[in-house]
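Shown next, in structure tokens, is the structure this report addresses.
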Amino acid sequence: MKKKSILISSYNLDFGGIETSLINLLKNFNYDKYNVTLVLEQKNGVFLKEVPKCVKIKEYKVSYNKNVIIRKFINLLKRIKWILGNYKKYHASICYATYSGPCGFVARTSARNKILFVHNNYFYLFKKHKNDTKNFFDNLKIKKYNHIIFVSNESKKDLSKIFPNLNDRFITINNLIDNKKIIKLSEKKINYKKSVKKIFLFVGRLDEHQKRLTLLLDIAKKCKDENVKALFWIVGTGPDEKMYKDIVKNNNLDNVIFYGAKKNPYPYIKACDYLILTSRYEGFPVVYNEAIILEKPIITTIDVSDDYISIPNRFGFVVDEKNIYDKVKELSNKKYHFKEKVNYEELNKKRIELIENVLESK
Numbered sequence: 133m134k135k136k137s138i139l140i141s142s143y144n145l146d147f148g149g150i151e152t153s154l155i156n157l158l159k160n161f162n163y164d165k166y167n168v169t170l171v172l173e174q175k176n177g178v179f180l181k182e183v184p185k186c187v188k189i190k191e192y193k194v195s196y197n198k199n200v201i202i203r204k205f206i207n208l209l210k211r212i213k214w215i216l217g218n219y220k221k222y223h224a225s226i227c228y229a230t231y232s233g234p235c236g237f238v239a240r241t242s243a244r245n246k247i248l249f250v251h252n253n254y255f256y257l258f259k260k261h262k263n264d265t266k267n268f269f270d271n272l273k274i275k276k277y278n279h280i281i282f283v284s285n286e287s288k289k290d291l292s293k294i295f296p297n298l299n300d301r302f303i304t305i306n307n308l309i310d311n312k313k314i315i316k317l318s319e320k321k322i323n324y325k326k327s328v329k330k331i332f333l334f335v336g337r338l339d340e341h342q343k344r345l346t347l348l349l350d351i352a353k354k355c356k357d358e359n360v361k362a363l364f365w366i367v368g369t370g371p372d373e374k375m376y377k378d379i380v381k382n383n384n385l386d387n388v389i390f391y392g393a394k395k396n397p398y399p400y401i402k403a404c405d406y407l408i409l410t411s412r413y414e415g416f417p418v419v420y421n422e423a424i425i426l427e428k429p430i431i432t433t434i435d436v437s438d439d440y441i442s443i444p445n446r447f448g449f450v451v452d453e454k455n456i457y458d459k460v461k462e463l464s465n466k467k468y469h470f471k472e473k474v475n476y477e478e479l480n481k482k483r484i485e486l487i488e489n490v491l492e493s494k
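Here our numbering is used: the first residue of the sequence shown is 133, the next is one more, and so on.
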């Protein structure tokens, strides 16, 4: 049987949920059926060495020259060169980084069967200006994609309000998860002081607009003021890191510890008692699956579900921002246990079958 050629375009392979999920997808492809080419806008990142050897890696690097005329001319030449060498060359193409214009261009021009992954809830990202959501996806030329894959049902439902005529192209398939790797990596020892206090862990990008860690720090301050036995660990980095550290310093929040970005955050998840997210919006965070695998209950301000998993009553609690402190206070005095477990091996098989169905369709 002749192998079919698949192209996947993304930004880079540095720290992040999208990058982690892309590696897991690449590791689960059936390479007896497919030849896969990965095109990166920047061929770098800590996960680059984890790409399977059989995957061909190319770079499509755009110019960011300060001179607008020079930049446009260089990028025009790059586009022409790409089209001449790759126009509809592949059986199917996937734009994996929704936010990247160059990734979209590469995917749209390289195959007849074009697939767009949507990893976030852009309806809420542009909530104040709903037309911005439409403009964003119009600029991505969403109508040129044959299939749009969402990682959460909520993202799909919200975008269908803006593009109701594309509903038949929308499908929910969450990210594939390497549960064995997560369990193995979680066994690595980390240095921390054991305490009788419950540990509430945040893992993610330190970005106030989406992650809203000021709410988490407000909870930490109330816990300190009321002697609640709770510690708050923060794993990650981002544009608002200094602001958060200043808040902690100015309020003497000795119950908050910053650990920085970690290629392997799993020992921290294993060591904590609860995962906590105070986000305004999300797609379906990869860290949800990681917490479920390591049997850590989730406290979150957003109610999202995917093709199988929903949080409330099964894997944790969805609490609005007014009541999240009360939930933290309540849980600091007791241990919560899952009501069920997830067979991620079976779930991955189902998800890769769904993706292959999309790749094979027209």
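Cβ atoms here follow ideal geometry from the backbone N, Cα and C, with glycine treated the same way.
Burial check for V200: the Cβ neighbour count within 10 Å stays below 16, so the residue is exposed.
When rounded, the separation of the alpha-carbon atoms in I309 and S411 is 22 Å. When C-beta atoms of the stretch 177-186 are compared with those of the stretch 141-148, three or more pairs fall below 8 Å, so the two segments count as touching.
Taking C-alpha positions only, D339 is separated from N253 by approximately 15 Å.
Cβ-Cβ distances below 8 Å link I247 to A224, S225, I226, C227, A239, Y277, N278, H279, I280, I281, V490, L491 in the same chain, with the five nearest sequence neighbours on each side left out; the list follows chain order.
Per DSSP, reduced to three states, the secondary structure at V171 is strand. Per the C-alpha coordinates, the member of C186, P397, K330 positioned closest to I315 is P397.
Counting along the chain, A393 sits inside no alpha helix (DSSP H), nor does DSSP assign it H or E at all. If you ignore the 5 residues before and after Y400, its C-beta comes within less than 8 Å of the C-beta of I322, L333, V335, W365, V367, Y391, K394, all in its own chain and listed in chain order. In the three-state DSSP reduction, K454 falls in the coil class, being neither helix nor strand. Note that the C-beta distance between E453 and L291 is not below 7 Å.
Membership of H279 in the beta strand (DSSP E) is indicated by the continuous run 279-282. Rounded to whole angstroms, the separation of the alpha carbons of K136 and L409 is 40 Å. Per DSSP, reduced to three states, the secondary structure at S442 is strand. Within a 10 Å sphere around the beta-carbon of L139 sit 16 or more other beta-carbons, which makes this residue buried.
Minimum Cα-Cα distance from K330 among the listed residues K459, I150, Y406, E191 corresponds to Y406. In this structure, the straight-line span from the alpha carbon of K221 to that of S242 is close to 6 Å.
Here L298 is not bridged, per DSSP, to any residue. Here I487 really is in contact with I305; their C-beta atoms are around 6 Å apart, less than 8 Å. V328 sits in coil when the DSSP states are folded into three classes, being neither helix nor strand. In terms of CA proximity to V168, I189 leads the group I189, Q174, G149.
Residue pairing by DSSP puts I140 in a beta bridge opposite L170, I226. Taking 4 residues as the shortest admissible run, the stretch 176-242 contains the following complete alpha helix (DSSP H) segments, listed from N- to C-terminal end: 200-218, 233-242. Apart from the 5 residues on each side of it in sequence, E191 sits with its Cβ closer than 8 Å to the Cβ of V171, L172, E173, Q174, K175 in its chain, given in chain order. Taken in chain order, the complete beta strand (DSSP E) segments of 3 or more residues contained in the stretch 356-390 are 362-367. Of the candidates D386, I212, S442, F258, I212 places its Cα closest to the Cα of F237. Here G370 has R337, L338, D339 as same chain residues with Cβ atoms under 7 Å from its own Cβ, once five neighbours each way along the sequence are excluded.
Residue nearest to D438 within the set K361, R344, N307, K326 is N307 (criterion: CA-CA distance). With a cutoff of 7 Å on beta-carbon distance, H251 and I150 are scored as near each other.
By the neighbour-count criterion, in which 16 or more other beta carbons inside 10 Å mark a residue as buried, E286 falls on the buried side.
G177 and K289 have their alpha carbons spaced roughly 33 Å apart. If you look at I408, you'll find it in the beta strand (DSSP E) that goes 406-409. The three-state secondary structure of I424, taken from DSSP, is helix. Taking a 10 Å sphere around the C-beta of Y376, we find 16 or more other C-beta atoms and assign the residue as buried.
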